[in-house]
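Just so you know, full-length UniProt numbering puts 18 at position 18 of the sequence shown, and the rest follows in order with no gaps.
Notes follow once the structure below has been shown.
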Amino acid sequence: MTSSLSTGHELSDKIKVDVHTQHLPEHTANEADKYAFAYEINIANNSDESVQLINRYWLIIDGNGKQSEVEGAGVVGQQPHIESGNSFQYTSGAVLDTPVGSMQGYYEMQDEDGALFRVPIDIFRLAVPHQIN
């Protein structure tokens, strides 16, 4: 049985994902001994065809090693089409039990022919500023 989802799709390395994070000290989660973070994502389509972001998968790990997984359709309520040479940007957030943690995952994308492929999102750090490493 073959899967229709390709991790070696030729477009995978032509979709670039950049992430910028920040701690949100004013967020109400911080009052409950939690740590709220925002992450801004820019997805650039450097390929010659349009693609659509279908699903997302995140693995979130806090400073104690506690793991949680988040998956679902699209991002921030959208399944954006990203034309060749264009990008899509959005901001979302995560709440951790510790002041330091990390996230990583992938986007499941669809090419113009309807083939699904994954775009990996490298691990990135969520950290309250001035925390000990």
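Backbone N, C-alpha and C define an ideal beta-carbon position, used for all residues, glycine too.
- [ ] Under 8 angstroms Cβ to Cβ from R125, same chain only, skipping five residues before and after it: list those, please.
- [x] T21, V100, G101 and S102
- [ ] Please report how far the alpha carbon of N86 lies from the alpha carbon of N46, in whole angstroms.
- [x] Those two C-alpha atoms are separated by around 8 angstroms.
TODO: Tell me whether D122 is buried or exposed, calling it buried when 16 or more other Cβ atoms sit within 10 Å of its Cβ.
DONE: exposed
Task: 8 angstroms Cβ shell around S4 - same chain, five flanking residues per side excluded - done: A caution first: S4 carries a pLDDT of 48, below 50, which makes its placement in the model unreliable, though a value can still be read off. Only A115 and L116 meet the Cβ criterion.
TODO: Going by CA-CA distance only, name the one from F88, A38, V95 and P129 that's closest to L53.
DONE: When each option's Cα is compared against that of L53, the closest is F88.
- [ ] Output yes or no for whether 8 angstroms exceeds the beta carbon distance between S50 and V76.
- [x] no
- [ ] Return helix, strand or coil for M1, following the three-state DSSP convention.
- [x] Annotation note: pLDDT 35 at M1 (below 50); position unreliable, coordinate value reported separately. Coil at M1, not helix or strand.
- [ ] Return helix, strand or coil for K66, following the three-state DSSP convention.
- [x] coil
Open item on the list: Using 8 angstroms as the threshold, is the C-beta distance between V70 and I60 below it?
Closed with: yes
Open item on the list: Would V19 and Y35 be called neighbours here (beta carbons separated by less than 8 angstroms)?
Closed with: For V19 and Y35, no; Cβs fall outside 8 angstroms.
Task: Nearest to residue 171 (by Cα), restricted to the options V95, Y107 and P120 - done: With the chain represented from 1 up to 133, any question about residue 171 goes unanswered, as that position is not in the structure.
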